[in-house]
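Trainee:
What follows is the structure, encoded as structure tokens:
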């Protein structure tokens with residue numbers, strides 16, 4: 001069983017000084033960490049990398065060193081699950097539509113995206129769209145959030161919701 005922590009929109013240090021303990025506790029048990037952009041600096045990457053291999057993409061507020069390191073789009077396969085990662089920013093259409101269109105002919109099973117800070121799990125044309133929300137900047141959401149993906153015989157994806165520590 002593989003355990004993957006999924007997060008986005010950490011916005012450190014602009015929106016928070018540090019990653020929340022509940023997230024770091026989940027990272028301690030993770031085999032892999034996926035970040036869908038808006039890190040704001042590489043310190044978050046180095047902190048997460050101390051827990052597990054960390055793969056991500058750059059978001060619209062990330063500086064050049066983050067964009068240079070990660071790029072804007074990734075596709076990876078974990079076990080038999082093909083995962084696309086994108087931040088989802090852009091003009092026209094919704095964040096979900098932009099994320100879906102990014103991988104339209106790629107045959108992905110799961111698209112991880114961020115940008116809106118709105119936690120979403122939805123299936124469109126057989127592809128699961130997942131926005132983990134934000135663990136540090138909930139905006140108008142009731143709670144902070146991130147995601148956990150467990151891959152075994154089948155895969156299971158869920159949000160972890162929490163209040164400020």
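In the working numbering, the protein residues as written are 1 to 165.
We put the beta carbon where it would ideally sit given N, CA and C, even for glycine.
(1) Counting Cβ pairs closer than 8 Å, one from the region 43-51 and one from the region 73-89, do we hit at least three?
(2) On a Cα-Cα basis, can you pick out the residue from 1, 32, 47, 162 that is closest to residue 18?
(3) Fully enclosed by the region 57-98, which beta strand (DSSP E) runs are 3 residues long or longer?
(4) Note down, in chain order, each residue of its chain lying with its Cβ closer than 6 Å to the Cβ of residue 120, except the 5 sequence neighbours on either side.
(5) What is the rounded straight-line gap between the Cα of residue 9 and the Cα of residue 136?
(6) What does a CB cutoff of less than 8 Å around residue 75 pick up in its chain, not counting 5 residues either side in sequence?
(7) Taking C-alpha atoms, which residue in 53, 37, 13, 11 lies nearest to residue 28?
(8) Just verifying my parser: in three-state terms, what is the DSSP assignment at residue 29?
(9) Can you give me the C-alpha to C-alpha distance between residue 25 and residue 147, rounded to a whole angstrom?
(10) Can you check whether the CB of residue 37 is closer than 8 Å to the CB of residue 62?
(11) Just reading off the beta strand (DSSP E) that residue 145 is part of, what are its end residues?
(12) Tell me whether the beta-carbon of residue 145 lies closer than 8 Å to the beta-carbon of residue 160.
(13) Report the three-state DSSP secondary structure of residue 118 (helix, strand or coil).
(14) If distances are taken between C-alpha atoms only, which option among 163, 155, 98, 156 comes closest to residue 134?
Mentor: According to the data block:
(1) The region 43-51, when compared against the region 73-89, does not touch it at the 8 Å Cβ threshold.
(2) Position 18 of the chain shown, counted from the first residue, corresponds to residue 18. Taking residue 18 as reference, the option from 1, 32, 47, 162 with the minimal CA-CA separation is 47.
(3) Runs found: 73-78, 81-86.
(4) Within the chain shown, numbered from 1, the residue matching residue 120 stands at position 120. Contacts found: 131.
(5) Numbered from its first residue, the chain shown carries residue 9 at position 9. Numbered from its first residue, the chain shown carries residue 136 at position 136. C-alpha separation (whole angstroms): 8 Å.
(6) Numbered from its first residue, the chain shown carries residue 75 at position 75. Scanning its chain for C-beta atoms nearer than 8 Å, with the 5 sequence neighbours on each side dropped, one finds around residue 75 the residues 82, 83, 84, 85, 103, 106, 108, in chain order.
(7) Here residue 28 corresponds to residue number 28 of the chain shown, with the count starting at 1. Here the closest residue by C-alpha is 53.
(8) Start at 1 with the first residue of the chain shown, and residue 29 comes out as number 29. The answer is coil: DSSP assigns residue 29 none of H, G, I, E or B.
(9) Translated into the one-based positions of the chain shown, residue 25 becomes position 25. Translated into the one-based positions of the chain shown, residue 147 becomes position 147. Here the alpha carbons of residue 147 and residue 25 stand approximately 13 Å from one another.
(10) On the chain shown, residue 62 is found 62 positions in, with the first residue counted as 1. On the chain shown, residue 37 is found 37 positions in, with the first residue counted as 1. The answer is yes: Cβ separation under 8 Å.
(11) Position 145 of the chain shown, counting from 1, holds the residue named residue 145. First-last of the beta strand (DSSP E) with residue 145: 144-151.
(12) Residue 145 sits at position 145 when you count from the first residue of the chain shown. Residue 160 sits at position 160 when you count from the first residue of the chain shown. Contact flag set, yes.
(13) For this step, residue 118 is matched to residue 118 along the chain shown. Assigned with DSSP and collapsed to three states, residue 118 falls in coil, not helix or strand.
(14) Within the chain shown, the letter at position 134 stands for residue 134. Checking every option, the nearest Cα to that of residue 134 belongs to 163.
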